[in-house]
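Numbering (full-length UniProt numbering), first residue to last: 1 to 272.
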(Lines of atoms letter the chains of each structure in order from A and count residues from 1; the text may use other names and numbers.)
(Lines give C-alpha, C1' and ligand atoms only; values in the text may rest on other atoms or scores of the structure.)
Protein backbone atom coordinates (compact mmCIF):
# COMPACT_ATOMS: atom_id res chain seq x y z
CA UNK A 1 0.00 0.00 0.00
CA UNK A 2 1.38 3.39 -0.98
CA UNK A 3 1.54 6.37 1.34
CA UNK A 4 -1.17 8.04 -0.75
CA UNK A 5 -3.63 5.14 -0.57
CA UNK A 6 -2.96 4.77 3.17
CA UNK A 7 -4.20 8.31 3.77
CA UNK A 8 -7.81 8.90 4.83
CA UNK A 9 -10.12 9.61 1.94
CA UNK A 10 -11.12 13.05 3.26
CA UNK A 11 -9.73 15.14 6.10
CA UNK A 12 -10.75 18.54 7.43
CA UNK A 13 -8.67 20.29 10.10
CA UNK A 14 -9.85 23.20 12.27
CA UNK A 15 -12.34 24.29 9.63
CA UNK A 16 -14.07 27.63 10.25
CA UNK A 17 -16.38 29.83 8.19
CA UNK A 18 -17.48 33.38 9.00
CA UNK A 19 -20.04 35.41 7.09
CA UNK A 20 -19.97 39.21 7.04
CA UNK A 21 -23.36 40.82 7.59
CA UNK A 22 -24.43 44.29 6.38
CA UNK A 23 -23.44 47.19 8.64
CA UNK A 24 -26.25 48.62 10.74
CA UNK A 25 -25.01 52.14 10.02
CA UNK A 26 -22.32 54.06 8.15
CA UNK A 27 -20.04 54.22 11.17
CA UNK A 28 -20.99 50.86 12.66
CA UNK A 29 -18.43 48.11 12.91
CA UNK A 30 -18.79 45.19 10.47
CA UNK A 31 -20.87 42.33 11.86
CA UNK A 32 -19.45 38.83 11.59
CA UNK A 33 -21.57 35.71 11.94
CA UNK A 34 -19.58 32.54 12.71
CA UNK A 35 -21.29 29.69 10.82
CA UNK A 36 -18.63 27.06 11.54
CA UNK A 37 -15.94 26.94 14.18
CA UNK A 38 -12.84 24.68 14.40
CA UNK A 39 -14.38 21.53 12.91
CA UNK A 40 -12.18 18.43 12.53
CA UNK A 41 -13.39 15.57 10.34
CA UNK A 42 -11.95 12.39 8.84
CA UNK A 43 -13.57 9.93 6.43
CA UNK A 44 -11.80 6.65 5.75
CA UNK A 45 -12.17 4.58 2.61
CA UNK A 46 -15.55 2.82 2.59
CA UNK A 47 -16.76 4.58 5.75
CA UNK A 48 -20.11 6.32 6.24
CA UNK A 49 -20.46 9.37 8.50
CA UNK A 50 -23.70 11.04 9.56
CA UNK A 51 -23.61 14.77 10.33
CA UNK A 52 -26.71 15.56 12.34
CA UNK A 53 -28.22 18.66 13.88
CA UNK A 54 -31.14 21.01 13.53
CA UNK A 55 -31.48 23.71 10.87
CA UNK A 56 -28.81 26.37 11.32
CA UNK A 57 -26.37 24.01 13.04
CA UNK A 58 -23.73 24.38 10.31
CA UNK A 59 -24.28 21.05 8.52
CA UNK A 60 -24.87 22.46 5.06
CA UNK A 61 -22.06 25.01 5.44
CA UNK A 62 -19.68 22.19 6.27
CA UNK A 63 -20.88 20.18 3.26
CA UNK A 64 -20.31 23.14 0.92
CA UNK A 65 -16.77 23.59 2.22
CA UNK A 66 -15.93 19.89 1.85
CA UNK A 67 -17.11 19.99 -1.77
CA UNK A 68 -15.19 23.22 -2.51
CA UNK A 69 -18.42 25.10 -3.18
CA UNK A 70 -17.36 27.70 -0.62
CA UNK A 71 -14.08 28.87 0.90
CA UNK A 72 -13.25 28.40 4.60
CA UNK A 73 -12.22 31.39 6.67
CA UNK A 74 -9.64 29.17 8.33
CA UNK A 75 -8.57 25.54 8.28
CA UNK A 76 -7.63 23.00 5.63
CA UNK A 77 -9.29 20.21 3.64
CA UNK A 78 -7.49 17.32 1.95
CA UNK A 79 -8.73 14.52 -0.29
CA UNK A 80 -6.23 11.64 0.04
CA UNK A 81 -3.60 14.17 1.01
CA UNK A 82 -4.35 16.52 -1.88
CA UNK A 83 -5.41 20.05 -0.83
CA UNK A 84 -9.01 20.97 -1.60
CA UNK A 85 -9.70 24.62 -2.29
CA UNK A 86 -12.25 26.57 -4.24
CA UNK A 87 -11.23 27.32 -7.81
CA UNK A 88 -12.30 27.20 -11.42
CA UNK A 89 -14.40 24.37 -12.84
CA UNK A 90 -11.32 23.11 -14.65
CA UNK A 91 -9.07 23.19 -11.58
CA UNK A 92 -11.67 21.27 -9.56
CA UNK A 93 -12.46 18.64 -12.18
CA UNK A 94 -10.40 16.04 -10.31
CA UNK A 95 -12.49 16.58 -7.14
CA UNK A 96 -15.78 16.47 -9.03
CA UNK A 97 -14.78 13.09 -10.45
CA UNK A 98 -14.20 11.76 -6.95
CA UNK A 99 -17.46 13.04 -5.45
CA UNK A 100 -21.19 12.86 -6.08
CA UNK A 101 -23.99 14.73 -4.35
CA UNK A 102 -27.68 14.06 -3.80
CA UNK A 103 -29.85 16.96 -2.65
CA UNK A 104 -32.95 17.13 -0.50
CA UNK A 105 -35.74 17.71 -2.98
CA UNK A 106 -36.00 15.30 -5.93
CA UNK A 107 -38.70 17.54 -7.41
CA UNK A 108 -36.47 20.62 -7.59
CA UNK A 109 -33.06 19.04 -8.25
CA UNK A 110 -33.90 17.61 -11.71
CA UNK A 111 -34.30 19.86 -14.76
CA UNK A 112 -37.87 19.27 -16.02
CA UNK A 113 -36.84 20.20 -19.58
CA UNK A 114 -34.28 17.40 -19.85
CA UNK A 115 -34.88 13.71 -20.43
CA UNK A 116 -33.73 11.33 -17.71
CA UNK A 117 -30.98 10.02 -19.98
CA UNK A 118 -29.64 13.54 -20.55
CA UNK A 119 -29.83 14.36 -16.83
CA UNK A 120 -27.81 11.31 -15.84
CA UNK A 121 -25.27 11.72 -18.65
CA UNK A 122 -24.62 15.38 -17.78
CA UNK A 123 -21.73 14.69 -15.33
CA UNK A 124 -20.06 12.39 -17.87
CA UNK A 125 -20.00 15.20 -20.41
CA UNK A 126 -19.07 17.95 -17.94
CA UNK A 127 -16.18 15.93 -16.51
CA UNK A 128 -14.90 14.71 -19.86
CA UNK A 129 -15.39 11.03 -19.01
CA UNK A 130 -14.39 8.83 -21.96
CA UNK A 131 -16.38 5.80 -23.08
CA UNK A 132 -19.90 4.82 -24.10
CA UNK A 133 -22.11 7.22 -22.15
CA UNK A 134 -25.31 5.43 -23.18
CA UNK A 135 -23.99 2.16 -21.73
CA UNK A 136 -22.87 3.88 -18.52
CA UNK A 137 -26.31 5.43 -18.06
CA UNK A 138 -28.02 2.09 -18.73
CA UNK A 139 -25.84 0.32 -16.15
CA UNK A 140 -26.47 2.81 -13.36
CA UNK A 141 -30.23 2.87 -14.07
CA UNK A 142 -30.33 -0.89 -13.71
CA UNK A 143 -28.28 -0.64 -10.51
CA UNK A 144 -30.77 1.73 -8.86
CA UNK A 145 -33.79 -0.30 -9.96
CA UNK A 146 -35.18 1.76 -12.85
CA UNK A 147 -36.24 0.48 -16.27
CA UNK A 148 -33.99 1.02 -19.28
CA UNK A 149 -36.68 2.99 -21.12
CA UNK A 150 -36.55 5.63 -18.37
CA UNK A 151 -33.89 7.43 -20.43
CA UNK A 152 -36.50 8.77 -22.85
CA UNK A 153 -38.93 9.99 -20.20
CA UNK A 154 -39.01 13.23 -18.17
CA UNK A 155 -38.87 13.87 -14.40
CA UNK A 156 -42.58 14.76 -14.09
CA UNK A 157 -43.46 11.22 -15.18
CA UNK A 158 -41.90 9.71 -12.05
CA UNK A 159 -42.82 9.48 -8.38
CA UNK A 160 -40.74 11.13 -5.65
CA UNK A 161 -38.90 7.92 -4.84
CA UNK A 162 -38.15 7.26 -8.50
CA UNK A 163 -36.87 10.81 -8.92
CA UNK A 164 -34.48 10.30 -6.04
CA UNK A 165 -33.25 7.13 -7.77
CA UNK A 166 -32.64 9.25 -10.85
CA UNK A 167 -30.74 11.77 -8.70
CA UNK A 168 -28.65 8.93 -7.26
CA UNK A 169 -27.92 7.70 -10.78
CA UNK A 170 -26.67 11.16 -11.76
CA UNK A 171 -24.50 11.35 -8.64
CA UNK A 172 -22.90 7.94 -9.21
CA UNK A 173 -22.71 7.49 -12.99
CA UNK A 174 -19.13 8.81 -13.19
CA UNK A 175 -17.86 6.42 -10.50
CA UNK A 176 -17.10 8.70 -7.54
CA UNK A 177 -15.63 7.30 -4.35
CA UNK A 178 -17.45 9.71 -2.01
CA UNK A 179 -21.22 10.28 -2.01
CA UNK A 180 -22.55 13.28 -0.09
CA UNK A 181 -26.26 13.44 0.71
CA UNK A 182 -27.77 16.71 1.94
CA UNK A 183 -31.05 15.64 3.59
CA UNK A 184 -31.58 13.18 0.70
CA UNK A 185 -34.59 11.44 2.23
CA UNK A 186 -36.49 14.18 4.05
CA UNK A 187 -38.82 15.07 1.15
CA UNK A 188 -40.05 11.46 0.82
CA UNK A 189 -42.79 9.64 2.68
CA UNK A 190 -41.90 7.00 5.28
CA UNK A 191 -42.29 3.94 3.05
CA UNK A 192 -40.25 5.42 0.21
CA UNK A 193 -37.57 6.64 2.63
CA UNK A 194 -37.09 3.09 3.86
CA UNK A 195 -36.69 1.86 0.27
CA UNK A 196 -34.14 4.53 -0.63
CA UNK A 197 -32.24 3.91 2.60
CA UNK A 198 -32.03 0.22 1.70
CA UNK A 199 -30.79 1.18 -1.77
CA UNK A 200 -28.09 3.39 -0.23
CA UNK A 201 -26.95 0.45 1.90
CA UNK A 202 -26.71 -1.77 -1.18
CA UNK A 203 -24.90 0.85 -3.26
CA UNK A 204 -22.41 1.49 -0.52
CA UNK A 205 -21.64 -2.22 -0.16
CA UNK A 206 -21.53 -3.05 -3.87
CA UNK A 207 -19.63 0.04 -5.05
CA UNK A 208 -17.33 0.43 -2.04
CA UNK A 209 -18.56 3.98 -1.48
CA UNK A 210 -17.65 6.31 1.32
CA UNK A 211 -20.61 8.44 2.40
CA UNK A 212 -21.37 11.64 4.26
CA UNK A 213 -25.06 11.85 5.10
CA UNK A 214 -26.13 15.30 6.29
CA UNK A 215 -29.42 15.11 8.17
CA UNK A 216 -31.49 16.26 11.13
CA UNK A 217 -33.21 12.87 11.39
CA UNK A 218 -31.37 10.32 13.53
CA UNK A 219 -33.78 7.57 12.54
CA UNK A 220 -32.68 7.69 8.90
CA UNK A 221 -28.94 7.38 9.54
CA UNK A 222 -29.04 4.96 12.48
CA UNK A 223 -28.45 1.84 10.41
CA UNK A 224 -26.34 3.31 7.60
CA UNK A 225 -23.42 5.12 9.23
CA UNK A 226 -20.67 3.82 11.53
CA UNK A 227 -19.96 7.25 12.96
CA UNK A 228 -22.04 10.25 13.89
CA UNK A 229 -21.04 13.88 14.31
CA UNK A 230 -23.50 16.09 16.20
CA UNK A 231 -23.45 19.81 15.38
CA UNK A 232 -25.00 22.80 17.12
CA UNK A 233 -24.42 26.48 16.30
CA UNK A 234 -21.49 25.67 14.03
CA UNK A 235 -19.66 23.57 16.61
CA UNK A 236 -19.23 19.80 16.91
CA UNK A 237 -20.66 19.03 20.34
CA UNK A 238 -20.26 15.25 20.18
CA UNK A 239 -18.91 12.61 17.81
CA UNK A 240 -18.04 8.94 17.83
CA UNK A 241 -19.24 5.48 16.82
CA UNK A 242 -22.95 5.53 16.02
CA UNK A 243 -24.11 3.03 18.62
CA UNK A 244 -21.90 4.48 21.35
CA UNK A 245 -23.21 8.01 20.80
CA UNK A 246 -26.87 7.02 20.46
CA UNK A 247 -26.91 4.57 23.36
CA UNK A 248 -24.90 6.72 25.76
CA UNK A 249 -25.02 10.37 24.61
CA UNK A 250 -22.81 12.69 26.63
CA UNK A 251 -24.04 16.11 25.50
CA UNK A 252 -27.49 17.46 26.46
CA UNK A 253 -28.15 18.51 22.86
CA UNK A 254 -27.51 14.98 21.61
CA UNK A 255 -29.89 13.63 24.23
CA UNK A 256 -32.48 16.16 23.08
CA UNK A 257 -32.21 15.01 19.45
CA UNK A 258 -32.47 11.35 20.41
CA UNK A 259 -35.49 12.00 22.62
CA UNK A 260 -37.29 13.49 19.62
CA UNK A 261 -37.16 10.13 17.78
CA UNK A 262 -40.14 8.00 18.94
CA UNK A 263 -38.54 4.66 18.09
CA UNK A 264 -36.29 3.05 15.52
CA UNK A 265 -37.31 0.19 13.28
CA UNK A 266 -34.32 -2.15 13.28
CA UNK A 267 -35.10 -3.51 9.81
CA UNK A 268 -35.43 -0.21 7.96
CA UNK A 269 -33.82 2.40 10.18
CA UNK A 270 -36.93 4.57 9.88
CA UNK A 271 -38.65 6.24 12.78
CA UNK A 272 -41.98 4.67 13.62
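We put the CB at the ideal spot given by N, CA and C, even for glycine.
Cβ neighbours of residue 164 within its own chain (closer than 6 Å, five residues either side excluded): 106, 196.
Closest option to residue 62, judged by alpha-carbon separation, among 162, 171, 35: 35.
Residue nearest to residue 146 within the set 234, 99, 116, 202 is 116 (criterion: CA-CA distance). Assignment of residue 227 by DSSP, reduced to helix, strand and coil, places it in the strand class.
Counted as a single uninterrupted DSSP element, the beta strand (DSSP E) harbouring residue 16 occupies residues 10-21. Excluding five sequence positions before and after residue 201, the CB atoms of its chain that fall closer than 8 Å to its own CB belong to 223, 224, given in chain order. Nearest neighbour of residue 24 by Cα position, chosen from 32, 219, 126, turns out to be 32. Bridge partners of residue 33 according to DSSP: 19. It is roughly 37 Å from the alpha-carbon of residue 45 to the alpha-carbon of residue 157.
Excluding its 5 nearest sequence neighbours in each direction, residue 232 has C-beta neighbours in its own chain below 7 Å: 53, 57, 253, listed in chain order. If you draw a straight line from the Cα of residue 21 to the Cα of residue 30, it comes to about 7 Å.
The beta carbons of residue 103 and residue 189 sit about 18 Å from each other, so the pair does not count as a contact at 8 Å. Closest in alpha carbon position to residue 167, among 236, 100, 194, 88, is 100.
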